[in-house]
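Number of protein chains: 2
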Amino acid sequence: MTATPLVAQRKRGAALEDAIREAAYAELTEVGYAQFSVEAVAARARTGKASIYRRWPTKQALVMDSLCAWLPTAQQCGFEGDYKNLSTADALRQIARTITKVLASPAGAAMRAVKLEATADPELAREIDDRFQAPRRAAMLALLQRGVERGEVRPEAVTPLVADVLPAVLMHRVILQRERITERDITAIIEQILIPLVEVR
Amino acid sequence: MTATPLVAQRKRGAALEDAIREAAYAELTEVGYAQFSVEAVAARARTGKASIYRRWPTKQALVMDSLCAWLPTAQQCGFEGDYKNLSTADALRQIARTITKVLASPAGAAMRAVKLEATADPELAREIDDRFQAPRRAAMLALLQRGVERGEVRPEAVTPLVADVLPAVLMHRVILQRERITERDITAIIEQILIPLVEVR
DNA sequence: CGATTAGTGCACGCTTGCGTTCCTTAAGCG
DNA sequence: CGCTTAAGGAACGCAAGCGTGCACTAATCG
């Protein structure tokens with residue numbers, strides 16, 4: 021037909037499914053898990069609930085599928101940056117920026133919604149762990165190991181516990197203290213905590 | 021009357037109010053904020069919703085009042101322990117045990133319910149901050165300062181940022197990694213993170 | 001003992017949301 | 001163009017919970 025109707029034209033098949041997953045992800049990152057509703061997703065995707073329930077059996081299945089589709093991968097998050105020619109201090113600053121950026125992004129909001137609100141759904145939590153925590157720890161360990169090779173990091177500091185300090189401190193600030201992290205904060209954290217913790221003495 | 025009726029005798033006045041607050045606190049720590057309902061509280065307190073709504077205008081008001089009544093104070097939490105004759109390492113181990121114990125207690129569950137689930141209620145969050153985070157940071161700063169006086173801690177390590185590392189790491193483990201903290205974990209955290217971070221070199 | 005105060009239990013009106021049903025309309029294909 | 005497939009919109013049954021109202025019952029007091 022030549023005349024565009026007032027209402028948006030209907031999507032079908034894969035295009036509709038993509039729109040629904042995107043709408044679900046956007047809804048989750050904006051309102052959290054507790055306020056997430058299939059009705060709101062349908063409205064945002066400009067579709068009907070019947071079309072959603074034809075594809076996904078439950079609300080939880082929809083959330084899961086939309087996270088699989090839309091959460092950035094570890095590579096997209098950029099935890100494994102190019103730290104080769106950087107000092108350990110600069111590399112730490114860089115990965116702190118990366119983690120902070122992820123925390124401030126929709127992915128960070130989705131992570132909080134799932135890990136902190138949807139506590140009864142271990143499958144959702146596992147998806148977050150696979151996308152964020154495991155790759156981030158691996159990247160931190162690799163960064164610390166390079167620091168050892170450069171003579172800047174104590175070998176004893178290359179442990180999973182130490183690797184978790186930076187994300188722990190950043191998340192403590194964001195989640196429990198509700199504070200925005202600035203470049204100055206990052207500098208302070210690296211200089212007052214990370215460097216004293218790992219440097220050779 | 022001499023014969024005890026099958027149903028519990030009715031409470032009145034302050035006794036009833038205390039029972040309601042206690043039931044509300046127990047409900048919150050056991051099921052979290054999202055699953056918290058006034059109906060469940062009424063059942064647990066063996067009363068009716070009408071008696072609750074006669075006293076508290078809203079569900080949030082009831083939660084707030086029960087937290088005020090039942091959350092332990094900073095002193096009861098024991099953050100400000102007797103660290104005077106302990107080495108910094110032992111004092112840190114002690115406060116780590118205290119924080120871990122609080123996290124594992126109903127107070128810890130209430131804290132998570134409020135800070136992580138009831139995100140739309142800043143008043144509730146402030147109550148938690150006042151009871152836990154501010155006194156805990158103050159206790160840590162005092163502990164670190166004593167370490168400086170004993171010659172065990174670098175003066176530059178006595179900062180709020182450094183004071184938050186231990187709770188941040190413990191909470192990261194409990195909340196995001198869903199892991200129970202053992203005495204061995206505490207020892208590892210103190211030896212691999214806290215001591216290297218603060219010790220004189 | 002009677003009056004007053006207060007609590008319990010139940011039903012309610014209302015709201016919200018999950019998941020389902022169905023009719024109408026749009027899209028695609030032969 | 002007609003048929004088939006699929007989507008949208010509305011209404012629904014149901015469940016759950018917030019907050020209210022009320023009748024009945026228990027507790028307290030003079």
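Going down the list, the sequences are from chains U and E. When you read off a place in the first sequence, starting at 1, and then add 20, the result is the number in the working numbering. When you read off a place in the second sequence, starting at 1, and then add 20, the result is the number in the working numbering. For each residue, glycine too, the CB sits at the ideal point set by N, CA and C.
Look at the region 99-127 of chain U: it has no residue with a C-beta under 9 Å from a C-beta of chain E.
Counting only Cβ-Cβ distances below 9 Å, E137 (chain U) has contacts in chain E at A54, L136, E137, T139, in chain order.
When DSSP states are grouped into helix, strand and coil, V220 (chain U) belongs to the coil group. Within the same chain, Cβ atoms closer than 6 Å to the Cβ of R151 (chain U) are found at L91, the five residues on either side in sequence being excluded. For T179 (chain U), the C-beta contacts it makes with chain E under 7 Å involve Q212, in order along the chain. No Cβ of chain U is located within less than 8 Å of the beta carbon of L164 (chain E). In the three-state reduction of the DSSP assignment, V122 (chain U) falls in the helix class, which pools H, G and I. Contact between V178 (chain U) and L161 (chain U) holds, since their C-beta atoms are separated by about 6 Å, short of 8 Å. For the 8 Å CB-CB criterion, I206 (chain E) and R113 (chain E) form a contact.
Around the beta carbon of P180 (chain E), a 10 Å sphere encloses fewer than 16 other beta carbons of the protein chains shown; the residue is thus reported as exposed.
Annotation: A183 (chain E) has no Cβ neighbours in chain U at a cutoff of 7 Å; minimum Cβ distance is about 10 Å.
Taking all protein chains in view, the Cβ of E143 (chain E) is surrounded by fewer than 16 other Cβ atoms within 10 Å, so the residue is classified as exposed.
Any Cβ of chain U closer than 8 Å to the Cβ of R200 (chain E) would place that residue at the interface, and such an atom is absent.
Nearest neighbour of A94 (chain U) by Cα position, chosen from U:R221, U:I115, U:T108, turns out to be U:I115. In this structure, the beta-carbon distance from S71 (chain E) to R41 (chain E) does not fall below 8 Å.
At a cut-off of 8 Å between C-beta atoms, R156 (chain E) does not count as an interface residue with respect to chain U. Taking C-alpha positions only, V58 (chain U) is separated from V83 (chain U) by approximately 10 Å. Residue burial is scored here from C-beta neighbours: G167 (chain U) has at least 16 other C-beta atoms within 10 angstroms and is therefore classed as buried. Rounded to whole angstroms, the Cβ separation of P187 (chain U) and L217 (chain E) is 16 Å, and the two are not in contact under 8 Å. Secondary structure at V173 (chain U): strand, using DSSP grouped into helix, strand and coil. Residue environment analysis places V122 (chain U) among the buried positions, since at least 16 neighbouring C-beta atoms fall within 10 angstroms of its C-beta. When the alpha-carbon of T49 (chain U) is set against those of U:A127, U:L136, U:I213, U:R221, the nearest one is in U:A127.
Restricting attention to E:W76, E:M131, E:A109, E:R64, the CA atom closest to the CA of C97 (chain E) is found in E:M131. If you compare the alpha carbons of E:A34, E:T78, E:T120 with that of R204 (chain E), the shortest gap goes to E:T120. Residues of chain E whose Cβ lies closer than 7 Å to the Cβ of A208 (chain U) are, in chain order, L181. In the three-state reduction of the DSSP assignment, S71 (chain U) falls in the helix class, which pools H, G and I. Distance from L164 (chain U) to A183 (chain U) at the Cβ level is roughly 7 Å; contact confirmed, criterion being Cβ atoms closer than 8 Å.
Residue state for K135 (chain E) is assigned as helix, using DSSP reduced to three classes.
The alpha carbon of R198 (chain E) has as its nearest neighbour, out of U:E211, U:A111, U:D149, U:E219, the alpha carbon of U:D149. Judged by DSSP in its simplified three-state form, P92 (chain E) adopts coil rather than helix or strand.
In the structure shown, F56 (chain U) falls within a coil segment according to DSSP collapsed to helix, strand and coil. One alpha carbon belongs to Y103 (chain E), the other to E211 (chain E), and they sit about 18 Å apart.
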